[in-house]
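Numbering (the numbering used here), first residue to last: 852 to 1229.
No residue lacks a Cβ here, since even glycine has one placed at the ideal position from N, Cα and C.
Here is the structure we will look at.
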Amino acid sequence: MSNEPLPILPGATLGILGGGQLGRMFTIAARTMGYKVMVLDPDFASPAGQMADVHLQADYTDHGALRQLGAACAAVTTEFENVPAASLIELANHCRVSPGAQCVAIAQDRSHEKSWLAQNGFATAPFALVYSEGDLDAGLADTGTPALLKVARFGYDGKGQARVNSREEARAAFREFGGQPCVLEGFIKLEREVSVVLARGDAGECALFPVAENRHENGILDVSIIPARVPDSLAQEACAMARDIADKLGYVGVMAVEFFVAGGKLMVNEIASRPHNSGHYTLDACVTDQFEQQVRVLCGLPLGDTRLMSPVVMVNILGDRWQNGGPHWDALLAHPNIKLHVYGKETARAGRKMGHFNVLDADLDRALRLAEQMRRAL
Ligand code: AMP
């Protein structure tokens, strides 16, 4: 284990497992602050690799690459939920690693995550673990119909999910997913969805970003509205629950908790062991953004101020926009209060996250109206 004293200061090299847009924004934040960055990602054209000092193009389980990363870096973090926990354990022999393998292992598997939440007393949608077709009948008795069958691992943005209305549909979906372990969830009539991004440091200190209200389309985040239009008491409860989850996990790093609001009550949907799409508003609207915070917590620095400087609406830009002549950037950039972030992905596919924009306005309703207008104009 490296004996790099904390805090790790600018000039040092930081590593990140995963080269997607989250890794790219971490890399930009770290380099802005004077750190060098090494990215491990198998993809030659990864968004973060383009921005890094060094891009190690190798698999996340490549022992040689992990050794090289561990030897070069004072500390390593991850942007990618599905990094094998074993790779984090291996890296921890060489350098500081945050978040820890145990936390990532819980967050990356829906069945572990749901079980952990239930065992620790956090409300969730009714659920059942499904390992075989035989589990579906008892599961449906618990969840009722309609229900959602979700693969336990490697599902994201609504992929690996099927809505089922009967035993037969549940069986067909389970077979469609190749019989892999799944979680069956009762379908909740959502009033809203909200999320909390937070950072927790080595001594248990915690900084929470303001609660975001999230709208999804086809299982993919579409719009985040901040501050969330929920009663203060509910926002405070979401913050308290997110913090409690981080404490109980003994989490060190940036993480996000997504919640459903139903019947005026909160249920935890998911934990993400990394910065989160619903925290992209922090890039332009908070004193410290979630990626600077990730650098700070990784380096053992004091956590940054998470204060909201302006109401903000974040809109995701998906690959669908490239059909029919491509995004109309001119319309977007004509507005002085819109901040554009594009991730440098070469291929635009439907549903692929290509970028986002933040609309800042002292009047949240006005920000929302302009965001809607720009969603259409793009
Ligand atoms: P997930 O990948 O599990 O976060 O699901 C993506 C989105 O699908 C969520 O943000 C919700 O909008 C919707 N969704 C997921 N699970 C449920 C559920 N049990 N009931 C209703 N909507 C859900």
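In this structure, the beta-carbon distance from residue 1208 to residue 1141 does not fall below 9 Å. In this structure residue 960 is not in contact with residue 979, their Cβ atoms being roughly 15 Å apart against a cut-off of 8 Å.
Relative to the ligand AMP, residue 1169 has its C-beta separated by 8 Å or more from all heavy atoms. Remark: the shortest separation between the CB of residue 1130 and any heavy atom of the ligand AMP does not fall under 8 Å. In the three-state DSSP reduction, residue 1046 falls in the strand class (E or B). The C-alpha of residue 1228 is placed about 43 Å away from the C-alpha of residue 939.
Relative to the Cα of residue 1226, the nearest Cα in the group 1212, 1189, 1213 and 1214 belongs to 1189. Fully enclosed alpha helix (DSSP H) runs of no fewer than 4 residues occupy 961–970 of the stretch 958–992, in order along the chain. Relative to the ligand AMP, the beta carbon of residue 930 is positioned no closer than 8 Å to any heavy atom. For residue 1034, the closest C-alpha among the options 1166, 988, 1154 and 873 is that of 988. For residue 1104, the three-state secondary structure derived from DSSP is strand. Just measuring C-alpha positions, the residue of 1076, 1100, 1115 and 933 sitting nearest residue 1162 is 1076.
In this chain, the beta strand (DSSP E) harbouring residue 1121 covers 1116–1123. Ranked by Cα distance from residue 1196, the first of 869, 879 and 901 is 901. A Cβ-Cβ separation of about 5 Å places residue 890 in contact with residue 899 under the 8 Å criterion. Under the three-pair Cβ rule at 8 Å, the stretch 1102–1114 counts as touching the stretch 941–956.
In the DSSP assignment, residue 1073 falls outside any alpha helix (DSSP H) and within the unbroken beta strand (DSSP E) covering 1071–1077.
With respect to the C-alpha of residue 1003, the residue from 1069, 1048, 977 and 1032 having the closest C-alpha is 1032. According to DSSP, residue 1168 shares a beta bridge with 1206. Taking 8 Å as the cut-off, one finds at least one heavy atom of the ligand AMP near enough to the beta carbon of residue 1111. Take the alpha-carbon of residue 1153 and the one of residue 948: they are about 17 Å apart.
The secondary-structure analysis by DSSP pairs residue 928 across a beta bridge with 867. Straight-line measurement puts the Cα of residue 1210 at about 28 Å from the Cα of residue 1119.
A Cβ-Cβ separation of about 16 Å leaves residue 1129 out of contact with residue 1069 under the 8 Å criterion.
Per DSSP, reduced to three states, the secondary structure at residue 1014 is strand. Residue 1117 sits buried, since 16 or more C-beta atoms from the chains shown fall within 10 Å of its C-beta.
Here the alpha carbon of residue 1083 sits roughly 41 Å from the alpha carbon of residue 1018. In the DSSP assignment, residue 1066 is bridged to 1074. For residue 1040, the closest alpha carbon among the candidates 932, 1131 and 997 is that of 997.
Taking a 10 Å sphere around the C-beta of residue 906, we find 16 or more other C-beta atoms and assign the residue as buried. Taken through DSSP and simplified to helix, strand or coil, residue 1158 comes out as coil. In the DSSP assignment, residue 905 falls outside any alpha helix (DSSP H) and lies within the beta strand (DSSP E) extending over 905–907. Boundaries of the beta strand (DSSP E) harbouring residue 1035: 1033–1037, taken from the DSSP string.
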